[in-house]
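Enquirer:
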Amino acid sequence: MDESLPIPPPRPLPLVHGSREFREGGRVVEEVDLEFANGQRRRYRRACARGPGSVMIAAMPDAHTVLLVREYACGLHRYEIGLPKGHMDAGETPEEAADRELKEECGFGARRLTRLRSLALSPAYMEFSTHLVLAENLYPERQLGDEPEAIEVLPWKLADLHALMLREDCSEGRSLAALFIVRELLARRANGVPA
């Protein structure tokens, strides 16, 4: 029995009276003049996304295992474990970008690629989002990427996500959220429940 309370519909979106873009600290920022349904007026700032976006790949060598990567994370100056990911090239679909990144980072291609959903990095402040792609029916194929060193590939059992989420070297919120989304989707699929 589902005991979740129904979620009420969202409020009407604020009215946009105008916007302007400017550079701030090496990035493009958009200031938006908004009027909310209650008459309150505010100026919000958001970081503007440039380029076609990015992908994050949940690559499944079997129904119970996902491929993680350990690579250098400059922001924290340490090696981090997470899902393989990368920027989309101009003209690429999320599925094409996921297949390319998977070949570059993990040495596998996928015969079945399914876009699951988008994940926002910080929706209150940025328009940037990442497409989560499920990659199945893998086969070995390596493509040369732009990484400065070989990326370590770590197979991880979905049943052991509880251990992964407590590791200090697995701290990226998008990867953790994506893994739980994938685990739920695959469990529903195994039980014949539509996703």
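At position 98 of the sequence shown the residue is numbered 111 (my numbering), and the sequence of numbers has no breaks.
For every residue, glycine included, the Cβ atom is placed at its ideal position computed from N, Cα and C.
Can you give, in chain order, each stretch of the beta strand (DSSP E) that sits fully within the stretch 110-178 and has at least 3 residues?
Expert: 121-133, 142-153, 165-170, all fully within the stretch 110-178.
Enquirer: Pop quiz: Ser67 and Met101 are said to be a contact at Cβ under 8 Å. What is the actual Cβ separation, rounded to whole angstroms?
Expert: The pair is a contact, with the Cβ atoms about 6 Å apart (cut-off 8 Å).
Enquirer: Tell me which same chain residues have a C-beta within less than 6 Å of the C-beta of Ala62, skipping the five on either side of it?
Expert: Excluding residues within five positions, the ones whose Cβ falls inside 6 Å are Glu140, Phe141.
Enquirer: What is the C-beta distance between Ala190 and Leu129, in whole angstroms, given that I count them as a contact (C-beta under 8 Å)?
Expert: The Cβ separation is near 11 Å, so there is no contact.
Enquirer: Measure the alpha-carbon distance for Leu177 versus Val206 and round it to whole angstroms.
Expert: Distance between the alpha carbons of Leu177 and Val206 is about 26 Å.
Enquirer: Among the residues of its own chain, which have a CB less than 8 Å from the CB of Ala103, if the five just before and after it don't count?
Expert: So the list reads Gly64, Pro65, once near-sequence residues are dropped.
Enquirer: Please report the Cβ distance between Glu48 and His30, rounded to the nearest whole angstrom; I am assuming they are in contact, meaning their Cβ atoms lie under 8 Å.
Expert: Their Cβ separation, rounded to whole angstroms, is 6 Å, which keeps Glu48 and His30 in contact under 8 Å.
Enquirer: Have a look at the DSSP bridge pairing and note the partners of Ala86.
Expert: Per DSSP, Arg91.
Enquirer: Measure the C-alpha to C-alpha separation of Leu151 and Glu108 and round it to an integer number of angstroms.
Expert: Each residue's alpha carbon lies about 14 Å from the other.
Enquirer: Which residue comes first and which comes last in the beta strand (DSSP E) that contains Ala9?
Expert: With the chain covering 14 to 208 only, the question about residue 9 has no answer from this structure.
Enquirer: Which residues does DSSP pair with Thr78 in a beta bridge?
Expert: The partner list for Thr78 (beta bridge, DSSP) reads Asp75, Lys170.
Enquirer: Is the separation between the beta-carbon of Glu154 and that of Lys116 shorter than 8 Å?
Expert: Contact flag set, yes.
Enquirer: Which residue from Arg113, Asp46, Ile20, Asp75 puts its Cα closest to that of Val195?
Expert: Comparing Cα-Cα distances from Val195 to each of Arg113, Asp46, Ile20, Asp75, the minimum goes to Asp75.
Enquirer: Going by DSSP, what residues sit across from Ile70 in a beta bridge?
Expert: Val146, per the DSSP bridge assignment.
Enquirer: On a CA-only basis, which of Gln156, Arg40, Arg24, Gly38 is nearest Ala50? Give me that one, please.
Expert: Among Gln156, Arg40, Arg24, Gly38, the Cα nearest to that of Ala50 belongs to Arg24.
Enquirer: Helix or strand or just coil, what does DSSP make of Glu43?
Expert: In this structure, Glu43 counts as strand in the three-state DSSP scheme.
Enquirer: Is there a Cβ from chain B that is less than 8 Å from the Cβ of Leu179?
Expert: Considering every chain present, this structure includes no chain B. It has just one protein chain.
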